[in-house]
Every structure is written in structure tokens, then in C-alpha cells.
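*Asks:*
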Ligand code: ADP
Ligand code: ADP
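Right under this line is the structure:
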């Protein structure tokens, strides 16, 4: 559990004259679910990747709790990210996909087994633990990707359009599932989407980005209130 704080965060890609994002100030409270929205190219993914440590931060500070994480590797940030394309290891079973991060950081077998079992219960993946990702539906794969994030019990979750590869019906049910998980786990989250319903359903607060800057921050109803 931790708050996540972005202060004056900016990114200018190498070889680029214009910053992709700049002057980003966002304070995410402990346990708060923030959804980042805005038109294509406004910098959502750049911002998320900087927080994740997948992209260098050229200006400003990112803090998780009281730790400045600008220079830390992704694995040292205590953050778990869920990707649009699931990013599962195709040759590993569901169980091993979920256990991988924990094994890597040297957790005991008992802790790994307990956490995988608990996540499998939460996500109703019990019957699929010994399957490979290719034997799963899209929705099940995305649940495995979430399971892999959950077992790490990170200080924060990052979501990069996790539902956009799913068909419309599944998107609705997964949206509700994420909402349930969010209530249960209350982990600080930053969630990128371009789906307005997803944003409305999930967000404690919305951040609207435009042209690489924060245009608005507020509760969904303040932002989507009809004029
Ligand atoms: P969004 O996720 O909101 O669609 P992005 O973060 O992908 O926006 O892109 C923000 C801006 O940064 C865009 O102008 C995009 O062209 C630029 N950009 C993204 N990735 C790179 C990169 N690797 N190198 C140079 N420019 C990039
Ligand atoms: P950690 O779990 O400590 O972040 P990993 O080696 O498991 O380290 O993963 C590094 C990053 O690559 C993570 O963000 C993870 O989600 C992503 N990843 C894992 N598997 C794949 C894959 N098959 N393809 C692309 N990215 C992946």
C-alpha cells in the first residue's frame, strides 16, 4: 500500500524536439483507482511506461510512497503492470506464469503456492492452472495476466488498456470483475483506457490528458457531466 506521486513529470524522446508529455502533476492516494483518458497520441502510454520503468523519465519525479523511483529498474519499483496483449509466457502453464515473478524474487515455495492458489480462486482460474495460455480464451488469458500482477502484492498496479483486445460482451464482464477486485484489494492503481464506460465504471478519479498535458482531474461525474 502506498500513494503514487508524479511531480513535474515530462518526457522528450531522443531525437524529438517536442516533449511527448510535460509538467504532469498527479497525486494518487493510497488505494485510489485513477483512470487516465485522452485522445490517441496524448501521452497516456508514455506516462504509464515511465511510472513502470519501461521508459526513462527526462523531467520531474515519480515517487511510490516516499521512495523516489526515477532511476530504479521495473522490478525494483514494487509495481505490477497488466498489458493489453497479456504478455504471458507461451511455454509456461498458467500456474508457472503466475508464479514466475515471485520465483524470480526468491519467495518460498509455500508463499508462492498460497498466493497462486488465492489468486486462482479470486479469478476463477482453478481449473486452468495446468494449461498453457494458447488453450485459454482471451478473457481467461487476461485473468491470468491479472493473477500474475496480484500474486506479487505490489504497492501499485498499472493497467495499459487491458480490455481492448476482448470482444464487447467480455469487456463488460471483465470490467465488473476488475471493479470487484479493486474493492477487495484496494491497491493504488493507474489505469489507461480510451473506453468511456470503462473509465466511468472504474475510476475514483479521472485524469484527462491532452497534447501531453493534464487537462482535467476529477470524479467521473464531474468530468462527463453533460454541459
Ligand atoms: P497515447 O498512449 O496517448 O496514444 P503515446 O504516449 O503513445 O500516446 O504518445 C505520445 C506522443 O509521443 C505521440 O506524439 C507519439 O508519437 C510520441 N511517441 C511515443 N512513443 C515514441 C517513441 N518511442 N519515440 C518517439 N516518439 C514517441
Ligand atoms: P518482473 O515480474 O519482475 O517484472 P519479468 O521478467 O516477469 O519480471 O517481466 C518483465 C516484464 O516483461 C514485466 O513487465 C512482464 O509483465 C513483461 N513480460 C513478461 N512476459 C512477457 C512476454 N512473454 N512478452 C513480453 N513481455 C513480457
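In UniProt numbering, the protein residues as written are 1 to 227.
Backbone N, C-alpha and C fix where the C-beta goes; we use that ideal spot for every residue, glycine too.
(1) If you draw a straight line from the C-alpha of residue 124 to the C-alpha of residue 22, how long is it?
(2) Determine which residues share a DSSP beta bridge with residue 146 and list them.
(3) In whole angstroms, give me the CA-to-CA distance for residue 69 and residue 114.
(4) Straight-line CA distance for residue 96 to residue 158?
(5) Count the other C-beta atoms from every protein chain shown that fall within 10 angstroms of the C-beta of residue 215, then say buried if there are 16 or more, exposed otherwise.
(6) Kindly list the residues whose CB is nearer than 8 Å to the CB of residue 184, restricted to its own chain and excluding five residues on each side of it in sequence; keep chain order.
(7) Which runs of the beta strand (DSSP E) fall wholly inside the stretch 142–209 and span at least 3 residues, in chain order?
(8) When we look at the beta-carbon of residue 38 and count the other beta-carbons within 10 Å, is it buried (16 or more) or exposed?
(9) According to DSSP, simplified to helix, strand and coil, what is residue 18?
(10) Near ligand 1, which residues have their beta-carbon less than 5 Å from any of its heavy atoms, given in chain order?
(11) What does DSSP give as the partner residue(s) for residue 7 in the beta ladder?
(12) Would DSSP call residue 98 helix, strand or coil?
(13) I'd like the span of the beta strand (DSSP E) that includes residue 216, first residue to last.
(14) Can you give the Cα-Cα distance for residue 153 and residue 144, rounded to whole angstroms?
(15) Can you list, in chain order, the residues of its chain whose CB lies under 6 Å from that of residue 80, leaving out five sequence neighbours each side?
(16) Identify, in the order they occur along the chain, each residue of the same chain with its Cβ nearer than 7 Å to the Cβ of residue 7, setting aside the five sequence neighbours on each side.
(17) Note down the Cα distance separating residue 134 from residue 166, rounded to an integer number of angstroms.
(18) Looking only at its own chain, which residues have a Cβ that is under 8 Å from the Cβ of residue 130, when we skip the five neighbours before and after it?
(19) So, using beta-carbon positions, are residue 74 and residue 102 closer together than 8 Å?
(20) Starting from the C-beta of residue 126, find all residues in its chain whose C-beta is less than 7 Å away, skip the five residues before and the five after it, and write them out in chain order.
(21) How big is the Cα-Cα spacing for residue 13 and residue 117?
(22) Please report the Cβ distance between residue 190 and residue 72, rounded to the nearest whole angstrom; I am assuming they are in contact, meaning their Cβ atoms lie under 8 Å.
*Replies:* In terms of the structure at hand:
(1) 41 Å
(2) None, per the DSSP bridge assignment.
(3) 29 Å
(4) 21 Å
(5) exposed
(6) 122
(7) 156–160 and 188–192
(8) buried
(9) coil
(10) 13, 20, 40, 41, 42, 43, 44, 45 and 46
(11) 61
(12) helix
(13) 213–218
(14) 15 Å
(15) 149, 152, 154 and 157
(16) 25, 60 and 61
(17) 15 Å
(18) 93, 94 and 95
(19) no
(20) 120
(21) 42 Å
(22) Not confirmed; about 17 Å, so no contact.
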